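Undergrad: Residue numbers (the working numbering): 679 to 954.
Glycine is no exception: its CB is placed at the ideal position from the N, C-alpha and C atoms.
A quick note: this is a predicted structure, and the numbers were derived from the prediction, not measured.
I have a structure I would like to understand better, so I am pasting it below and will then ask my questions one at a time.
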Ligand SMILES: [Cu+2]
C-alpha cells in the first residue's frame with residue numbers, strides 16, 4: 679500500500695511550477711518596462727504612428743499575457759494534488775466561443791488600425807516635387823543615384839553596368855543627361871519628401887533604417903518605390919536586412935539627413951568630382 683506522502687507528491691511540483699510562471703512573468707515585464715533594448719527615436723511622422731501602434735499592441739497583448747500566465751500559475755497551485763478525489767469537468771462551449779471571438783475581434787481591430795500607417799508608405803504616392811533617388815543594391819554594396827544638375831536621370835541599362843568604372847547603375851556613357859550623381863551614402867535634405875526607387879542586381883536585399891521604421895525588401899527584376907520625410911538632422915545607419923550572401927554583414931551604409939544648404943553644398947561637391 680502506498681503511503682500518504684507519495685499520494686501528496688505533486689504538491690511541491692505544483693508549487694514550483696507556479697513559482698516558475700510568476701518569475702517568467704516578472705522577468706518578461708521587467709525586460710519591456712526597463713527598456714533594455716530600446717529602438718532609437720523615430721525621425722518621421724509615419725515612424726511615430728508605427729511606434730504608437732506598436733506600443734498599443736504591446737500594452738494590450740502584455741496585459742493579456744500577464745493575466746493569462748498569472749491565472750495559469752494560480753490554477754496550477756490552487757488545484758494541486760492534495761489527495762482529493764479527481765473530478766471530471768466538461769469545459770464550456772459558450773466560454774470557448776466567447777474567447778475565440780474576442781481574440782479574433784482584437785487582432786482584426788489591431789490590424790485594421792495599423793493599415794493607415796502601412797498604406798501611407800506603400801499605397802499613397804509621394805507628393806509631387808518629392809526628391810527622386812534611385813537605389814541599387816548588390817552583393818555587398820549600396821549605391822544611390824541623383825538626377826544631377828540637369829534634373830534628369832540619364833537612361834541606364836544592365837549592359838552598361840560597370841562597378842570598377844564607378845557606373846553601378848549602368849548609365850549610358852553617350853547620353854547627354856549622364857551628369858547623374860552616384861554616391862555610396864544616401865544624403866537627403868531635412869523636411870523634404872524623398873522617394874526611393876529601389877532595385878537589386880543579384881539577390882533579394884532589404885533596405886533597413888531603424889530611425890525611419892522602414893524595412894523594405896528589394897527584389898531583382900522589380901523597381902520598388904518607397905517614400906519618407908525625415909525630420910531630424912543626423913547620421914543613421916542603413917543596413918541590409920536580408921541574409922544576402924557571405925558578405926551580408928558588410929553591406930551597410932548611412933542615411934545622412936542634412937540642412938537644405940548643406941545638401942546643395944554636397945551636390946555641388948559631387949558635381950565637381952564628377953567633372954574631374
Ligand atoms: Cu544585402
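#1: List the whole-angstrom C-beta distance separating residue 861 from residue 832, where the pair is believed to meet the contact cut-off of C-beta under 8 Å.
#2: Only counting the same chain, and skipping five residues up and downstream in sequence, which positions put a Cβ closer than 6 Å to that of residue 901?
#3: If you count every other CB in all the chains shown that lies within 10 Å of the CB of residue 915, and 16 or more means buried, which is it?
#4: DSSP puts residue 722 in a beta bridge; with which residues?
#5: Is residue 818 a contact residue of ligand 1, with contact defined as CB to any heavy atom under 7 Å?
#6: In this structure, how does DSSP classify residue 882 when only helix, strand and coil are distinguished?
#7: I'd like to confirm something about residue 894: is its beta-carbon nearer than 7 Å to some heavy atom of ligand 1, or not?
#8: Using three-state DSSP, classify residue 962 as helix, strand or coil.
#9: Closer than 8 Å is the cut-off here; do at least three beta carbon pairs connect the segment 741–760 with the segment 915–927?
#10: Residue ranges of each alpha helix (DSSP H) run of no fewer than 4 residues wholly in the segment 824–859, ordered along the chain?
#11: If you reduce the DSSP assignment to three classes, tell me which class residue 874 lands in.
#12: Less than 7 Å between the CB of residue 926 and some heavy atom of ligand 1, yes or no?
#13: How long is the line joining the alpha carbons of residue 829 and residue 945, rounded to whole angstroms?
#14: Can you give me the start and stop residues for the beta strand (DSSP E) that residue 760 sits inside?
#15: I'd like to know whether the C-beta atoms of residue 822 and residue 813 end up nearer to each other than 8 Å.
#16: Which class does residue 691 belong to by DSSP, given the choice of helix, strand or coil?
#17: Looking at the unbroken alpha helix (DSSP H) that takes in residue 889, where does it start and where does it end?
#18: In terms of residue numbering, what span does the alpha helix (DSSP H) encompassing residue 771 cover?
#19: Exposed or buried, what is residue 789 when buried is set at 16 or more other beta-carbons lying within 10 Å of its beta-carbon?
#20: How far does the beta strand (DSSP E) with residue 810 in it reach, from first residue to last?
#21: Determine, using beta-carbon pairs with one atom in the segment 882–892 and one in the segment 833–851, whether at least three such pairs fall under 8 Å.
#22: So residue 935 packs on residue 866, CB below 8 Å; how close in whole Å?
#23: Distance, Cα to Cα, residue 808 vs residue 928?
#24: Cβ atoms of residue 804 and residue 905: under 8 Å apart, would you say?
#25: Going straight from the alpha carbon of residue 682 to that of residue 689, what length do you get?
#26: Can you tell me whether residue 634 is buried or exposed? The criterion is at least 16 other CB atoms within 10 Å of its CB, across all chains shown.
TA: The answer reads as follows:
#1: Wrong, their Cβ atoms sit about 15 Å apart, outside the cutoff.
#2: 875, 877
#3: exposed
#4: Looking at the DSSP assignment, residue 722 forms no beta bridge with any residue, so it has no partner.
#5: yes
#6: coil
#7: no
#8: Since the displayed the chain opens at 679 and closes at 954, residue 962 lies outside it and no answer follows.
#9: no
#10: none
#11: strand
#12: yes
#13: 12 Å
#14: Careful: residue 760 lies outside any beta strand (DSSP E) and carries neither H nor E.
#15: yes
#16: helix
#17: From DSSP, residue 889 is part of no alpha helix (DSSP H); its letter is neither H nor E.
#18: 771–800
#19: exposed
#20: 809–816
#21: no
#22: 6 Å
#23: 30 Å
#24: yes
#25: Residue confidence for residue 682 is low, a pLDDT of 49 falling below 50, so the modelled location carries little weight; the figure read from the coordinates is stated next. Residue 682 and residue 689: Cα-Cα distance of roughly 12 Å.
#26: For the chain, the structure presents residues 679 to 954; residue 634 sits outside this window and is missing.
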